[in-house]
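Under numbering that gives the first Met the number 0, the first residue of the sequence shown carries the number 0, and numbering increases by one thereafter.
Note that beta-carbon positions come from the ideal geometry of N, C-alpha and C, so glycine has one too.
Single-structure report; data block below.
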Amino acid sequence: MKNKTPPEHPKKSKLKTFFVDALMSFMTGLVKLIFRNKIVKKTPIDTTQRYLILCTHGSGLDIFHASAAIRPMKCVVVAAKKLYFGKFTGPLLRLHGAIPKKQFVADLPAMRLMKNAADAGNNLLLCPEGRSTPDGKNSYITPAAAKLIKWIGLPVLFVKPQGSYLTFPRWAKSLRFGKMTTEIGLLLTKSEVENLTGNDIYQRVVGAFTFNEYDYQLDNRIKFLTSSPAKNIYRMLFICPACKSRTDMASDSHSVFCKKCGFRANVGTNGRLEVIKGGYDVNETDVEAAKNSGKVKKTDLAVVKGGGAAFTRIDQWVAFEKAEIEKDILSPAFRYEIKTELLLEDDLKHGYEKLADGTFTIDRGGITYRTESFVTENADYRTKYAEIFYPANTLVSLSYDTHGLELYAFDGTQKYRFDHSVITYRIDLLIEAVYKNRTEN
C-alpha cells in the first residue's frame, strides 16, 4: 500500500504529441457531433493569449465539450486523481499529460505543476467545483479557488456545457441524446486577476457557475432520448414524497415508485414528471422551508386525480429531499450508521486495496469510521486506522459514486465502499446538511 506522489508532469515527444493531439481532436469532434453541441461565444476571445479555463462540471465528457469550445487552442487538463488512475480514463489522461489533483483538499504538488505548466506557456483547464454535479445544479466552489486564480496569474475563460449532465446523469448507467449548447467567454482579464480582491474574483466565478440543467432542458423544450429514462433514478429520488420513507423507493425503465405506499410517477425524456398514483399534500410550511433551495412553487405543482399535489419536475423533488434531510439533522439525536469496507489508495497499482471492515457513522459533529476487523497484519495500519474522525466543518464536498465515497486524512485518501443497497446520494446530502448546520450555527 505504498502511497507515492505521481510523477512530474510528463514531457511528450513530437511523435507522441502528434498522436495525442490527433486522438483528442478526433474524440472532441465525435462527441460534439453525437451530442449536437452548439458552441456559443459570449465574448470575443484572443486565441493568441494563454488562459486559465474554468469549466462547469456536468459529466465525465466535459473535457471534450470544453476542448470543442476553445478550438483552435489546446490545453493541459487538471483532472481528479481518481480519474487519472482510473481503469478507462487513466490511460487517456496520462497519455494527454493531464495533471492529477486530489479533490477538496489543498494539493500543493498539483498546484506547483499547474503553475509550472502556466509559466511554460500552456492553457490550463480545470473544473473548480471539483466533481460532476450529482443532481443537475452547480456544486459548491471553495473560496480558495480565487487564491489559485490570482496565483496562476492568467486571464480566465469560463466554459459552460449546458446539457452535459442530461446526457449522462450521475445515477444513470447509459447515455442519452439531446441537444447541447456550450457557452464560452472571458470571465476575468489579466488586469482584473491582478487587481481585484480575492472576494471580488470569487463572486465573479460563483456568478458564472450558477446553473440548473433542468431549467435549460425545459426552457428550450429539449428531449434527451433514451429507452429507459427512469432506470436507476431512485438512486437520486430516494425519499417518497407521499409517505416520506427513505428506504423504499425503486424504479423501472419508465417510472419511479415507492414499495411501501404505492406512490408512482412516470419520468419523461422531456424532464417532466407525471404522478399516476398517490398524490401528496404540500402545505405553506413545506413551501417556505424549501424556498431557499429554490424549488417548491405553487405554479409548479399539479393536482393529482384523487386529491393531493405532485411535483412536475425532477429538480423540485430533489429540493424537497434536501429540505427533508436538513430537518433530519436538526435533531440532537441524529445519527446515521452503516457497514463499510475501508480501502487505501495504492498509486503503484493505480487503484485501491482493502484494509478493513467497519462502521461508518454520520452525526452532527461529522463522520466517524471505526474498524471492526482488519485484513492486514501491519501494526502501524492497525493502530492508525482503528478509528478516523472527519470534523463537520472540513466536509465541504464529497467525491462519490454509486458504490462509495472518498475522504482524506493522514495525508492520504481513504475510500469507503458500501453495499449496493446504500444510496450514496443520501450520504452526500446528509454530509452537506451537517456541514451547513455546523458552519452557519
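What is the DSSP secondary structure of residue 161, reduced to helix, strand or coil? Strand.
Anticipated Cβ contact below 8 angstroms, residue 232 with residue 266, distance rounded: Correct: roughly 6 angstroms between the Cβ atoms.
Sort out for me which residues DSSP pairs residue 408 with in a bridge. Its beta-bridge partners are 411.
So what's residue 128 in DSSP terms, helix, strand or just coil? DSSP, reduced to helix, strand and coil, places residue 128 outside both helices and strands of the structure shown, so it counts as coil.
Residue 341 and residue 357 closer than 8 angstroms at C-beta: Annotated as proximal: residue 341 and residue 357, with beta-carbon spacing under 8 angstroms.
Take every Cβ of the segment 156-174, pair it with every Cβ of the segment 189-196, and state whether three or more of those distances are shorter than 8 angstroms. No, they do not touch.
If you follow the beta strand (DSSP E) that residue 248 is part of, which residue opens it and which one closes it? Taken as a continuous stretch (DSSP letters only), the beta strand (DSSP E) holding residue 248 covers 248-250.
Would you tell me roughly how many angstroms separate the C-alpha atoms of residue 398 and residue 391, rounded to the nearest one? Near 16 angstroms, if we compare the C-alpha coordinates of residue 391 and residue 398.
Spatial distance of residue 184 from residue 62 (CA atoms): Those two C-alpha atoms are separated by around 17 angstroms.
Check this for me: beta carbons of residue 123 and residue 148, under 8 angstroms apart or not? No, they are not a contact pair.
With contact counted as at least three CB pairs below 8 angstroms, one residue from each stretch, are the segment 88-105 and the segment 174-181 in contact? Verdict: no, contact absent.
Whole-angstrom distance between residue 388 and residue 407, CA atom to CA atom: Approximately 10 angstroms, taken between the alpha carbons.
Those residues which DSSP pairs with residue 372 across a bridge: DSSP lists 356 as partners of residue 372.
DSSP three-state label for residue 221, please. It is coil, neither helix nor strand.
Please report the straight-line C-alpha distance between residue 268 and residue 316, rounded to a whole angstrom. Rounded to whole angstroms, residue 268 and residue 316 show a C-alpha spacing of 16 angstroms.
Of all the options 156, 176, 432 and 56, which has the alpha carbon lying nearest to the alpha carbon of residue 395? Comparing Cα-Cα distances from residue 395 to each of 156, 176, 432 and 56, the minimum goes to 432.
With distances taken from CA atoms, which of 409, 401 and 405 is nearest residue 419? Comparing Cα positions, the closest option is 401.
Same chain only: Cβ atoms within 7 angstroms of residue 384, ignoring 5 sequence neighbours per side: Same-chain partners within the cutoff: 341, 354, 355 and 370.
Rounded to whole angstroms, what's the CA-CA distance from residue 108 to residue 115? Just pull it up for me. Computed Cα separation, rounded: 11 angstroms.
Leaving out the 5 sequence neighbours to the left and right, which residues in its chain are closer than 7 angstroms to residue 141 when beta-carbon positions are compared? Correct list, in chain order: 395.
Can you tell me the Cα-Cα spacing of residue 466 and residue 80, whole angstroms? Here the chain has residues from 0 to 440 only, and residue 466 is not among them.
Classify residue 423 as buried or exposed, calling it buried when 16 or more other Cβ atoms lie within 10 Å of its own Cβ. Buried, by the Cβ-count rule.
Could you pull out every residue in the same chain whose Cβ sits closer than 7 angstroms to the Cβ of residue 234, ignoring the five residues on either side in sequence? Excluding sequence positions up to five before and after residue 234, its CB lies within less than 7 angstroms of the CB of 170, 401, 422 and 424, all in the same chain and listed in chain order.
From which residue to which residue does the alpha helix (DSSP H) around residue 113 run? 107-118 is the span of the alpha helix (DSSP H), which, as asked, contains residue 113.
Of all the options 274, 365 and 71, which has the alpha carbon lying nearest to the alpha carbon of residue 311? Nearest neighbour of residue 311 by Cα position, chosen from 274, 365 and 71, turns out to be 274.
Going by beta-carbon coordinates alone, are residue 131 and residue 58 separated by less than 8 angstroms? Result yes, Cβ atoms of residue 131 and residue 58 sit closer than 8 angstroms.
Rounded separation between residue 283 and residue 229 - CA only: Residue placement at residue 283 is poorly supported in this model, since its pLDDT is 42, which falls under 50; the coordinates are not used for a value here.
So, is residue 135 buried or exposed, given that buried needs 16 or more other C-beta atoms within 10 angstroms? By the Cβ-count criterion, residue 135 is buried, with 16 or more other Cβ atoms from all chains shown falling within 10 Å of its own Cβ.
In whole angstroms, give me the CA-to-CA distance for residue 112 and residue 146. The straight-line gap from Cα to Cα measures roughly 16 angstroms.
State buried or exposed for residue 206, treating a residue as buried only when at least 16 other CB atoms are found within 10 Å of its CB. Exposed: under 16 other Cβ atoms inside 10 Å.
Per the DSSP calculation, residue 123 is bridged to which residue(s)? Its beta-bridge partners are 51 and 75.
Taking all protein chains shown into account, decide if residue 175 is buried (16 or more other Cβ within 10 angstroms of its Cβ) or exposed. Residue burial annotation: residue 175 is buried, with at least 16 other C-beta atoms found within 10 angstroms of its C-beta.
Taking the beta carbon of residue 220 as the centre, do at least 16 other beta carbons fall within 10 Å, making it buried, or is it exposed? The Cβ neighbour count for residue 220, taken over all protein chains shown within 10 Å, is under 16; the residue is labelled exposed.
Could you check if residue 36 is buried or exposed, using at least 16 other CB atoms within 10 Å of its CB as the buried criterion? Its Cβ being crowded by 16 or more others within 10 Å, residue 36 is buried.
For residue 19 and residue 129, the rounded distance between their alpha carbons: If you take the alpha carbons of residue 129 and residue 19, they lie about 25 angstroms apart.
Spatial distance of residue 327 from residue 225 (CA atoms): Separation of residue 327 and residue 225 (C-alpha to C-alpha, rounded to the nearest whole angstrom) is 35 angstroms.
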